Amino acid sequence: MLRKLFFVFMRTITLEIALLFASQFFLSQFGVAQFVPATPPIANPADKRFDGVKEDWTSPALTNSGLTPVQPLVGYNNDYPGYTVELLRMQWRFGDPIDLYVMKPKGISKPPVILYLYGYPATTDRFKNETFQQAVTKDGFAAVGFVSALTGHRYHDRPMKEWFISELQECLATSAHDVQMVLDYLATRDDLDMSRVGMFAQGSGASIAILTSAVDPRIKVLDALDPWGDWPTWMATSPFVPEEERAQYVKPEFLKKVAALEPIDWLSKVQAKKFRLRDALFEPNTPRIAQDKLRAAVPAGTTVVIYKTPEDFNAVVRDKKELEWIERELQSLRDTRADSRPPM
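Sequential numbering of the sequence shown, starting at 1, is according to our numbering.
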């Protein structure tokens with residue numbers, strides 16, 4: 001299984017490491033949790049702060065979940081020429097602290113903000129890289145980054161057989177909840193323009209962003225690159241799924257659990273004022289038939305972009321145009337007001 005996953009990972013690394021015009025160093029930014037044993041346990045049985053917390057994994061909405069955050073822990077607040085980087089440790093469920101990176105440009109009192117959520121197995125390493133930090137803040141935008149459930153530093157206290165795919169329902173639902181909890185936290189600060197929030201997401205992160213945008217109008221602009229979806233097709237034919245595990249993921253009981261979190265079904269409900277869906281046809285993780293179904297399900301007014309070859313995509317990266325669309329659309333919302341959270 002590990003050898004197969006590593007082969008698939010290396011086949012797709014060209015696209016993954018090209019993101020955000022820093023391909024020369026992004027190779028070291030990736031890690032696959034199940035390639036190595038989970039980190040030592042960090043869930044302390046004596047931690048009673050989250051006793052009684054219940055979370056609904058059947059919906060991306062927080063309506064039936066009772067997550068209450070504890071006071072964030074500040075790891076550091078670093079000062080660089082032109083921008084600052086703050087590392088915070090957030091937590092609202094037992095045994096799952098989340099590292100949150102807040103990068104802000106200097107000289108702007110309340111910059112618009114873009115959330116970054118990359119697909120499994122991307123780690124937080126890119127958020128620590130100064131080239132990335134400079135790129136996402138240079139045009140006057142704040143950047144907020146974190147990783148999804150059972151990814152990077154969030155993969156621990158689990159047997160090796162449990163990973164992002166085997167626990168897909170949990171990972172999709174809890175990560176969608178995390179996006180909303182992060183938005184809640186950002187709204188408590190007085191240094192960001194929460195009327196102009198965008199989200200840049202890729203792979204499984206794009207699937208999570210679609211689910212979240214469908215239940216939370218605070219994401220005003222959504223840029224989704226290569227979302228996973230069409231779970232019956234994806235599980236049956238995606239090369240990312242290890243062959244020795246595939247049989248368990250095409251069983252009716254597994255597909256029934258993830259059916260409520262099918263991006264195809266949630267796409268028509270996306271509430272972002274501006275939505276762009278991008279597909280790289282050469283990216284193998286999501287089968288072509290699933291890509292076609294996802295594009296067919298987008299709401300009216302969605303901008304759809306197709307990259308037929310790696311060169312088509314690399315041209316955007318090479319010309320440093322990856323963020324032009326989302327930044328332009330956020331700028332156009334200058335006079336809007338922040339929406340409140342959807343009624344609970």
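For every residue, glycine included, the Cβ atom is placed at its ideal position computed from N, Cα and C.
Note that the structure is a prediction, hence the values are computed from the model and not measured.
- Within a 10 Å sphere around the beta-carbon of M235 sit 16 or more other beta-carbons, which makes this residue buried.
- Classified as exposed, Y80 has fewer than 16 neighbouring CB atoms from the shown chains inside 10 Å of its CB.
- Per DSSP, M199 is one residue of the beta strand (DSSP E) stretching across 193 to 202.
- Taking 8 Å as the cut-off, the Cβ atoms of E329 and V221 count as close.
- With a 10 Å radius around the Cβ and a threshold of 16 neighbouring Cβ atoms, N285 comes out buried.
- Non-local C-beta neighbours of V85 in its own chain, meaning closer than 7 Å and more than five positions away in sequence, comprise N78, Y101, M103, Q133, ordered along the chain.
- V317 and P310 have their alpha carbons spaced roughly 11 Å apart.
- Uninterrupted beta strand (DSSP E) stretches at least 3 residues long and entirely within the segment 88 to 143 occur at 98 to 105, 112 to 117, given in chain order.
- Under DSSP, the beta-bridge partners assigned to F275 are L222.
- By the criterion of at least three beta-carbon pairs nearer than 8 Å, the segment 118 to 130 is in contact with the segment 148 to 160.
- Nearest C-alpha to D193 among P112, K128, V144, L168: P112.
- Less than 8 Å separates the beta-carbon of L115 from that of M199.
- In this model, V215 and H177 are separated by some 10 Å (Cα to Cα).
- In the displayed model, V179 falls within a helix according to three-state DSSP.
- Beta bridge pairing from DSSP links T286 with no other residue.
- By the C-beta density criterion, P60 is buried, having at least 16 other C-beta atoms within 10 angstroms.
- In the structure shown, D265 adopts helical secondary structure according to DSSP, grouped into three states.
- In the three-state DSSP reduction, E86 falls in the strand class (E or B).
- Around the beta carbon of Q180, a 10 Å sphere encloses 16 or more other beta carbons of the protein chains shown; the residue is thus reported as buried.
- For N64, there is no enclosing beta strand (DSSP E), as DSSP marks it with neither H nor E.
- With contacts defined as CB atoms closer than 8 Å, T212 and P287 fail to qualify as a contacting pair.
- Of D139, P242, L225, the smallest CA-CA separation from Q331 is found for D139.
- In terms of Cα proximity to E262, the closest of Q91, C171, P69, V182 is C171.
- In the displayed model, G152 falls within a helix according to three-state DSSP.
- Residue nearest to F164 within the set T302, W228, P217, E253 is W228 (criterion: CA-CA distance).
- Just so you know, the alpha carbons of T233 and I108 end up roughly 46 Å apart.
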